[in-house]
Structures are given as C-alpha cells and as structure tokens.
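Have a look at the structure below, then the notes.
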C-alpha cells in the first residue's frame, strides 16, 4: 500500500489547525503518534519517505551523544522556499521538519541492529514553529508523543570497541524552544544555505541538495551553488582549516544560544560563525554568571592555552552545573573537544 | 472515507489527551506532572506545588507563558530538592514570559542557579526560599533568585542561603523592587548589576562575604545601570570567606564588605544600618580596582553621582580581611580601625555630579586616590590618603536628600 502525503491528508492537517486554533494548548498542533502524519511507507522504522517528504542533511551537526540522525523536510503542496544567503529559510505555514535520532548497537557495524530513540518534528503552525518529540516503542513499530521529556537507558559500542552506557535525554516541549528560540520566536536551526550547500545521496543519485530542491520546485531564486557559502563538516579533516572547522563546530553547537537575540547573549559571548570581535568570541573575556562553569579559570579563551580556557573546560564536562551546552548531551564529544583545543592552541592572531 | 474515520478518531484522542495530561492521571511522578502543567498552562492558571519534600532530577521550565501563578503551600513546606539533579543547570527556568508569580515554596540544592528568569516582563518572587543545604561551598550553584534581562521585577519576603555568587541577583533588568528579604551565607547577599530603577529596601543581608553589591560590568548588552536606591536595610557581619569559583567577578569581593558600588552612576545609599563588616562598610570603586583590562569601548569604568547619607555605621575594632591586597593595605594604614566608607577617588571626569557623603552616624572616610597613589606596588603603603569628608559634603545642593525614607 503506497501512501502519499495527499491532498486529503493535508486537508486533515489544515482542519486540525483551524479547529483548535482558539485553544491555547500547544498539543492541538501535534498528532498523538508519529504514524498519524503518514510521512513514511512500509515498515515505519525503515523511514521510507512518501512523495513530498524529502531527506536532507546538514554539513555541521549538533552533537547529541553520538546519535545518528535522519532528517526530512516537508513543504505544503505547491509552495516553495525563496532562496536566501543568510539565516534560516522563511518557511510557509504547515511546513514540517522531521529528525530521527538513532544508534547502531555497535558503531563498527553502523547499519546493523539499529535502535530508533526518538523522532522530533518541527511544525510551522499559524502560531509559529512548534517542536514535538515522539519516543519509539521497544518493538520499533511506533513512536508516541511525549511533551514532558523522558530519560531513556541507552547503550552502544563505540568505534574502538568500548561499551558506552548512559541516560539518553528526550527534550520536553520547552527545552525544544530553549534551543530554537531566536528573537523571541521559535525557528529551525539547520535549514540554511551554508549548511545545505553540499551533495547528498538521494535514491535517484548523488546531487547538491539545493539543486535537488530546485528541480523538485521546492526553492526559487537559487543562484549557482558554486558561488554560495558552505559550512565545513567539522568531522572531515579535508573540509577546511582547523579554525574553519572549529568555528563550524561551535557555531552549530553553541550559537543557537550564544548569539545576539538568544538566551546566551546574557553573557556577552557570541559564538555564531559570523562573529569577528575577539572579545565577544571569548578571547581574554572574563566569564559572566558562569558560577562553577568558570572552573577557576579567568577567561573563555586564552590563545595558545586550551587548558586555561573556560570553553574547553565546559565542553569537556558532564556536570550539569558546568557543562556546555547545558542540555542535549550526557557524554563528552571527545573529537569536538580535541578540535577546539587544537584551534585555541594554534590561535595567535588575536 | 477511511481518512474521515481516522480524522474523527484522531480528534477524539486529541481532545482527550490534554484532559488526561492536565489531570495528571498519566503520571505518577511529580516532576513530570509539574513540567507537563508548566507546558500546558493557560493564562490565569495557578499551578500548585504540593506539600512535601520532592526530588526533582531536571530543570523545570516555563517558557512563553502569561499570567501564571506557581504556588506552594508554604516556604519549607513545599520543597523541591535538586540534590540528585542530572540535567539542566537551573532548578526552575522561566523565559519569554509575562506576569509570572512564584510563591510559598523552597528550592534546595540545584546544581546551578536556583530560579532563573530571562526575557520576562513582570516576575514576582514572594515567600520563596532558595538554599544550598550543605553550607557555603564553591560547588553550590551561582545564583539563588536570578532575574536577568527582565522588566518589572518584585522580590519580597524571600530568603536565599548559600549561593556561590549572589543570593538575590538582578542583572540587565529594569524597574526592580527588592524588599523584606533575608540573604545569608552567600558570597554576595544581594546584587544589582547593569540595571536601571532599582529600589532595594528593608532587607536583612548578613553573614555573607559582601552584603549588597551594585555593579556595572563591561561586555554586556545592557551597558549600564542607574537610579539605584538602597535604603533602610540591615547589613551586618558580612565577614564570610569568599567561596566564589575563581574567574567570577564576585570572587574579587573582599570578605567583610557591607555595600560595594562598582563603576556605577546614580546610586543612593541611605538609612541603612551597616554594622560589623570588618573590611569595608561602604566601598565606592571604579572598574580599575578589578585590575581587568577594559576592551568594551562603550563601557564607563568610573563612578559618579553617588550619594551616601543618613546611614548608621558601627564596627568593632579589628583587622580587615588580610587575604586580599586591599585588606593588607587597609591594615597597614589603619590597623584595627579601618574606615567605614572607602573611595578609590576615580570620579568620572565627564560627569559633574560626584560623590556626596552626608549625615551619616559614626562614619569614617578615606579616599585612596588610586590615580596618584598606586603607581608602584609600595606607593599605596606610604601614601597619605585623604580622610577629609568635607569636600564630599554636597550641602544644600543635595537634590534628593529630602526624599529619603525614615
């Protein structure tokens, strides 16, 4: 049986929006089960998207306890995005972004024994974007809405054969906003030109994602992609210099809060990729309201001295009162910490 | 047809789900129940924290809500304990909200700040106690009651104990009343930082490292504060060791500090009882005293327009804190009789209104004149500091003295 996100389904979504629009309850925009949306066909855990549900990825990823992620975008039928060079695309209402977090039992065999943890969806409602998390059942047949968050026992074998056990954390409705709120409005973080401008393995073959979207009629006004900015994949040694990769890493992992208009602005530390003021990037900047997060250190970044830099100290911690980011991880992103250390070690120009 | 059926079912489930959530039937555990209520609350709701000592593992958050009351049965009766906190840096976090009232409950042992409110217009803390129960320790959370980037803040009848930065801290906010509170065993009892229009009165701040701090710091979004009035407070025996983690500005506060004004303008200190703070009864200092470089070109490191009047000073003879440079300096110059009001002499050269000191009881004064006396490490020890208060007697020109409350 082949399902598509048909007109009928879209009508359901639309009626749904209208019928509950008067209530203040955010649940009115969410379906109780992931299958209710009809995003996938066949065995749902396989994530075979129906027509209109388009897979994508971003070049630099938020670290989420080493979880692997599958991402999809859904635009309302007949509507498209308008190209913009900077910032998140301006999505039409009823757009949906889907992201499933999963682990292989053993990262040395990443395609086998997959466990899906949760699927987060961002829906562009008439009241703005809203985020909902669906937790997969043990049988991996269905995922259920959970707005209050959850902690799940999780375990995997890492690429060097060590077993890692931890509590995987599913965010609550407010925590979704905590990262996604910018200038008092929730918005997606990933769908930006510079994070999408690279090749992706579509079923139909490998192709630049933005060009693919153009052929599908999903985006208008796209210039030649070779002229457009591209954020490096910080995991890939060949994607850029140490500095470029480190800036990509702290941009995607920190700047959703640490930028003007987001909650981390309180500290005056701005880590978005566009930031050029060394003090605001943390160089010889004393901490503000850091508490124990200062680690008895004086500055966020001391050029040449990663071990004296608060940024490294907080990234390498899993203590809730010290660690950065504050949410979304229980493990240390060792490779990320190493990259930032390397960057600070080589830093002279400021 | 099929779709239609699904739709009706779905609507039914959809209609029932919130009901189930809000009545709490789905949850045995209070943490999830409270968090769910915080998420689903409608304008005008009151959410109750029941009686008892409840263990909470993650930050409870309120985001984008209006007109909510979060109410316990009473301070020390409804207790949320975060001693096993595994997630999030705060006990309670409130963001992007309007008219939120928190009252009659206690927060214990949060890993980071006890209650943080950000981007909120209208936040009331009333009969709220926040405490770290293991005594003053570096591992305690930084702030107790912590509104930042807020408008219209009221903190009253509340208690903060053990914060490793400030017990009651208002930062980068406007229109603030802090009254009838008690703060002890914190590094700073009460701190107003980069904030405008603050009234701090009838509080009891004692046994902290510093009693009440009014600070303006660089590199922040709200660059400056002003119109801060600190009056009719009891500020006593703030002689606790400084247990702030190094790197934090509050770690520079000298144990034995009653009131400290750092790099502010437009501050009135009056009608306070400032007793037995061993090092500095009231300090008026510029940012230069921190010995930190200033890279923020919009920042004003000086003090100006500071008024100290009608306060009662009282101090047992004894040495100031000797673990800090400034304490050693005071001890060398004054022995066991440290002056009450200490000024670094760094008046903002571009503002006419200076430091006014009048009508205080038993106040002794010294001007360290750091611009001239601090050019080498030993020069402050041989310098003659000016103890003459008369040039700071603004006399009849005093614009606001008649407004002081009795």
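Protein chains in written order, with the numbering used here: chain R, 788 to 1137; chain F, 17 to 422.
The beta-carbon is built from N, C-alpha and C at its ideal position, and this holds for glycine as well.
In the structure shown, residue 1045(R) adopts coil according to DSSP, grouped into three states.
Taking C-alpha positions only, residue 960(R) is separated from residue 299(F) by approximately 46 Å. For residue 371(F), DSSP records a beta bridge to 322(F). Rounded to the nearest angstrom, the gap between the Cα atoms of residue 1007(R) and residue 877(R) is 12 Å. With respect to chain F, the C-beta atom of residue 1074(R) has a partner C-beta closer than 7 Å.
Residue nearest to residue 100(F) within the set 69(F), 117(F), 83(F), 85(F) is 69(F) (criterion: CA-CA distance).
Neighbours of residue 187(F) in chain R, taken as residues at a C-beta separation under 8 Å, are given in chain order as 1053, 1076.
Taken in chain order, the whole beta strand (DSSP E) runs of length 3 or more contained in the stretch 852-926 of chain R are 855-861, 883-891, 901-912, 915-923. Here residue 976(R) has 1043 as same chain residues with Cβ atoms under 6 Å from its own Cβ, once five neighbours each way along the sequence are excluded. Taking 7 Å as the threshold, the shortest C-beta distance from residue 377(F) to chain R does not fall below it. Put simply, the CB of residue 48(F) is near chain R, with a gap under 7 Å to one of its CB atoms. For residue 200(F), the uninterrupted beta strand (DSSP E) run begins and ends at 198-200, by DSSP. With a beta-carbon spacing of about 14 Å, residue 130(F) and residue 203(F) fall beyond the 8 Å limit used to define contacts. Interface with chain F (7 Å Cβ-Cβ cutoff): residue 1046(R) is excluded. At a C-beta separation below 9 Å, residue 327(F) has no neighbours in chain R, since its nearest C-beta there lies roughly 29 Å away. For residue 104(F), the chain R residues whose Cβ falls inside 7 Å of its Cβ are 1107, 1113, 1114, in order along the chain. In the DSSP assignment, the residues bridged to residue 353(F) are 334(F). For residue 1101(R), the uninterrupted alpha helix (DSSP H) segment begins and ends at 1097-1102.
Residue 912(R) does not reach chain F, its nearest Cβ partner there being about 13 Å away, counting only Cβ pairs nearer than 9 Å. In terms of Cβ geometry, residue 985(R) and residue 846(R) form a close pair [threshold 7 Å]. Exposure of residue 338(F) is indicated by the presence of fewer than 16 other C-beta atoms within 10 angstroms of its C-beta. For residue 293(F), the secondary structure class from DSSP, reduced to helix, strand or coil, is coil.
Under the three-state reduction of DSSP, residue 1077(R) is assigned to coil, being neither helix nor strand. Residue 988(R) counts as exposed, since fewer than 16 other C-beta atoms from the protein chains shown sit within 10 angstroms of its C-beta. Selection 917(R), 901(R), 907(R) evaluated against residue 926(R) yields 901(R) as nearest (Cα-Cα).
Below the 8 Å Cβ cutoff, chain R contributes 1106, 1107, 1108 as neighbours of residue 127(F), in chain order.
Under the three-state reduction of DSSP output, residue 389(F) falls in the helix class.
According to DSSP, residue 108(F) shares a beta bridge with 76(F), 131(F). Under the Cβ distance rule, residue 888(R) does not count among the residues neighbouring chain F, no pair being separated by less than 7 Å.
Under the three-state reduction of DSSP output, residue 170(F) falls in the strand class.
When 9 Å is used as the limit between beta carbons, residue 971(R) is near these residues of chain F: 80, 112, 135, in chain order.
Shown here, residue 81(F) sits in coil according to DSSP, grouped into three states, outside any helix or strand.
If you draw a straight line from the Cα of residue 271(F) to the Cα of residue 222(F), it is about 12 Å long. Judged by pairs of C-beta atoms under 8 Å, the stretch 208-228 of chain F does not touch the stretch 303-315 of chain F, as fewer than three such pairs exist. For residue 998(R), the enclosing alpha helix (DSSP H) has its first and last residue at 996-1002. The beta carbon of residue 125(F) lies closer than 7 Å to those of 97, 98, 99, 148, 149 in the same chain, with the five residues before and after it left out.
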